[in-house]
Amino acid sequence: MRRRFYPLISLLMFFVLAGTSFASSEEGHDLASSDIPDSVEGFKHLWREVMIDITVIGVFFALVTVYFLITYRRKRPGQEGRPVKLSRAAVFGWAIIPVFVFMADDLYLGAQGWSLWNSYRTPPESSYEIQLQSSMWSWKFTYPGGVESYNEMRVPAGKPILVRMTSSDTIHSLFIPDFKVKEDSMPGRITYLWFYPKETGEHLITCAEYCGMMHSSMAGKIIAMEQDKFDSWLASEQAALKAEEGA
Ligand SMILES: [Cu+2]
68 MRRRFYPLIS LLMFFVLAGT SFASSEEGHD LASSDIPDSV EGFKHLWREV
118 MIDITVIGVF FALVTVYFLI TYRRKRPGQE GRPVKLSRAA VFGWAIIPVF
168 VFMADDLYLG AQGWSLWNSY RTPPESSYEI QLQSSMWSWK FTYPGGVESY
218 NEMRVPAGKP ILVRMTSSDT IHSLFIPDFK VKEDSMPGRI TYLWFYPKET
268 GEHLITCAEY CGMMHSSMAG KIIAMEQDKF DSWLASEQAA LKAEEGA
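The opening position of the sequence shown corresponds to residue 68 in my numbering, with each subsequent residue numbered one higher.
What follows is the structure in structure tokens.
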């Protein structure tokens, strides 16, 4: 009568999954600036949570499958199985309890993602804004003051960066894997994304929307620099721009 324990195992799974949610949501947030929404850390937690949950679920199903394979294997040639007779209550129990367990987890994760996304869509007020125009097959960044750069976005570290974008030809998509952000850019429309480079360093940029022949080479990078180095870089670019305009 070990079969009786299976619904109990499902319920146990529910508590394991619920437990991982609380464990990963209790970790501290240590963002430098208080106007940065929790979504920055929240998406990291959610990602980890999804990974833990699919691992727990995957291992559970693998173990159950192996157990069934061994228990119900054919032991002699010509052996026929005896189908199990289930009561009406058992049929409903078998269908509803596992659905309840796994859908509860899915809906919980889905709702968390939705509320994080809602808070993400309001960029922090302290954001530094950079304009982006994408075209086949490069990224053009324009900084306040008119300085332009191609395929290399220099940003000050420790500040949220807001990228407002459009496209001059077809649909492209700005994807920054390290910050888990992606947004389409398209002609006739202005879209945005923002990210928070906490520290100095380099990060890959790539186009995530098939946009023609050289789509796969439409890559670039973000260079997060210390604020004073960024300021002097921008100032020297601005001076060069002025000299060019004056000439
Ligand atoms: Cu593209």
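All C-beta atoms in this analysis are idealised placements derived from N, C-alpha and C, irrespective of residue type, glycine included.
This structure is a prediction, so every number in the text was calculated from the model and none was measured.
Cα-Cα separation between residue i and residue j, rounded to whole angstroms
i	j	result
A286	K207	12 Å
D105	A302	33 Å
D298	Y263	18 Å
F246	E269	11 Å
P165	V131	13 Å
N218	K288	6 Å
I137	M292	59 Å
S194	R231	11 Å
G225	I290	12 Å
L174	V117	12 Å
Residues that residue i bridges to, as DSSP identifies them
i	result
T209	Q198 and E215
C278	In DSSP, C278 forms no bridge with anything.
F262	I228
I257	For I257, which the question treats as bridged, DSSP gives no partner whatsoever.
I272	G287
S240	D251
Top-ranked residue by Cα proximity to residue i, from the options
i	options	result
V214	W300, R115, V151 and S182	W300
E276	W181, E116, S201 and L229	S201
I257	L271, T273 and H239	H239
S283	E266, R231, T209 and S205	S205
G212	G177, Q305, I228 and F110	Q305
G148	V158, G160, F135 and S154	F135
P227	I272, W261 and S252	W261
Neighbourhood of residue i by C-beta distance below 8 Å, restricted to the same chain and skipping five residues each side
i	result
G313	none
Cutoff 6 Å; reference residue i; Cβ partners in own chain excluding five residues on either side
i	result
E94	Bear in mind that the predicted position of E94 carries a pLDDT of just 49, short of 50, making it unreliable; the figure below should be weighed with that in mind. Excluding sequence neighbours, E94 sits near nothing in its chain.
W181	none
Contact set for residue i: own chain, Cβ-Cβ below 7 Å, skip 5 residues either direction
i	result
Y210	I197 and L301
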